[in-house]
Each structure stands twice: as structure tokens, then as C-alpha cells.
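For reference, the structure discussed in these notes is given below.
Residue numbers (the UniProt record's numbering): 1 to 230.
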């Protein structure tokens, strides 16, 4: 039988229910409960509800957002959560982050919003690389909220992206920087935002998802890793 280091993973069977392995870096440590058991179906449902919840909060407060990274890939390829995904990702502009930092937002029961340098919400472990995170308090799973900052190329082309970080370590075309990879793309790939589907609900996605996803995941982004030839 396999043995696993409990400090690195959660992997257990409880009351005849198959529990999924969740890497600890996909769980907000404050809410880690080793006795809790989550099946793959549970995890997918939690991720869906995290995305729907942050979408509802942002729509209510007139904040623009878009699905990012693997969550965008799930919407584009599967219309839902990618199999075996363990978190969610969305993007917002810098002015939206300033509102999250400075204002008080009503968050539904069962969730907590942590914001870097927040005046009203908990700060938690947030930093400049991932300034905001909505957490499902029962499981500790979360949706990361990346802040995209404006810049320009030498040719004056508007660009858009978060600060470099290890979060984009697997990005196919991102440039390497001392603090991690830099995900910076033309702003026209993001705006104007468009409606897209995620788990049967309408959410918002970037204007040019094929360009966005190819930059992040490479030319084979439509082929799941488990189906690619070795």
C-alpha cells in the first residue's frame, strides 16, 4: 500500500467514501481540517460554487472580472471545472483591487474574502503576487483573484498582466523574472469581456480566449494531459 506524508497531502478514506488527494498548497491553511473528506465530485462542486459566488459578489458591486488560467480553460474546453483541478482563478483590473482593498463587501456565509492590505476584510496570508482570495471555509479551497496592471511596450501597445510570480510557473510563453514568470499579454486579448459558460451558469471571459489560452498552455491546450500521447 502507498504511504503519504500527511504534511504534503490529504489522502484518506472515511466511512467508505473515497477521499481525493489534495495538495496542501491548494488548501488555505487556516481552514485545513484533516478529518474532512472530499470526493472528486465534492471538489468540483466546491470549485463551481466558489466561481459562482465570486461572480455574484462582483456583479452586485459592479466589478468587472474574467475567468483566468485553468478555470478559463475549463470554461472553454469543458464548459465546467477541468477534471482533477483543485482551485479556481479569476482576473480583475487594478482599480477593482483598490475597491476590494478599501471597501466593505458582503460575503455569503461559508466564505471569507482575504485581501492584501485590506481596510475592512481579513488580510490572511495575501501578498502582492496573489492579492485576493475567496475561501470556502469548510474545505479551505479557494479562488485566487489576480490583479492585472496596465503597461505598454516600446511600440506603445497596451499590455496587461499580474506581477511576476511562481503562480505562473507552468505558463508556456511567459518570460522568466527573478520572482517568477511574468504573464503579460495585449490588453485587447482581455477587453471587451464576453459572456461564457461555467457549470451551466453565465460568467465573464476574456475577449480572445484562444490567444489567452495558447499563451498560457501552449498549442495543445484543447487536449487534456491525460489524453496526450507519451
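Cβ atoms here follow ideal geometry from the backbone N, Cα and C, with glycine treated the same way.
What you are looking at is a predicted structure, and each value in this text was computed from that prediction instead of being measured.
Closer than 7 Å: residue i CB and nearest the ligand HEM heavy atom
{"i": "residue 153", "result": "This structure does not include the ligand HEM; it has no bound ligands of any sort."}
Straight-line Cα distance separating residue j from residue i
{"i": "residue 81", "j": "residue 25", "result": "19 Å"}
{"i": "residue 12", "j": "residue 192", "result": "Note on residue 12: pLDDT 44, under 50, position unreliable in the model; no value is reported."}
{"i": "residue 122", "j": "residue 33", "result": "20 Å"}
{"i": "residue 228", "j": "residue 83", "result": "Caution applies to residue 228, whose pLDDT of 40 falls short of 50 and renders its modelled position unreliable; the value that the coordinates give is listed next. Distance between the alpha carbons of residue 228 and residue 83: 15 Å."}
{"i": "residue 127", "j": "residue 201", "result": "30 Å"}
{"i": "residue 160", "j": "residue 223", "result": "27 Å"}
{"i": "residue 68", "j": "residue 75", "result": "10 Å"}
{"i": "residue 197", "j": "residue 221", "result": "18 Å"}
{"i": "residue 173", "j": "residue 47", "result": "27 Å"}
{"i": "residue 15", "j": "residue 40", "result": "Any reading at residue 15 needs caution, since the residue's pLDDT is 43, under 50, leaving its predicted position unreliable; the model's value is listed next. Spanning the two alpha carbons is a distance of roughly 16 Å."}
{"i": "residue 106", "j": "residue 86", "result": "25 Å"}
{"i": "residue 18", "j": "residue 98", "result": "42 Å"}
{"i": "residue 211", "j": "residue 35", "result": "42 Å"}
{"i": "residue 208", "j": "residue 131", "result": "25 Å"}
{"i": "residue 153", "j": "residue 175", "result": "14 Å"}
{"i": "residue 110", "j": "residue 156", "result": "45 Å"}
Under 8 Å between C-beta atoms of residue i and residue j
{"i": "residue 43", "j": "residue 20", "result": "yes"}
{"i": "residue 79", "j": "residue 102", "result": "no"}
{"i": "residue 181", "j": "residue 168", "result": "yes"}
{"i": "residue 189", "j": "residue 206", "result": "yes"}
{"i": "residue 183", "j": "residue 92", "result": "no"}
{"i": "residue 50", "j": "residue 142", "result": "yes"}
Cross-strand partners of residue i (DSSP beta bridge)
{"i": "residue 205", "result": "194"}
{"i": "residue 66", "result": "91"}
{"i": "residue 181", "result": "165, 176"}
{"i": "residue 136", "result": "111"}
{"i": "residue 158", "result": "152"}
Given residue i as reference, the closest of the options once Cα atoms are compared
{"i": "residue 38", "options": "51, 22, 30", "result": "22"}
{"i": "residue 135", "options": "161, 199, 41, 89", "result": "89"}
{"i": "residue 199", "options": "18, 40, 52", "result": "52"}
{"i": "residue 178", "options": "164, 212, 150, 36", "result": "164"}
{"i": "residue 144", "options": "211, 194, 125, 105", "result": "125"}
{"i": "residue 65", "options": "35, 94, 49, 137", "result": "94"}
- Taking contact to mean at least 3 C-beta pairs separated by less than 8 Å, is the segment 113-122 in contact with the segment 58-72? With the cut-off at 8 Å, the segment 113-122 and the segment 58-72 do not touch.
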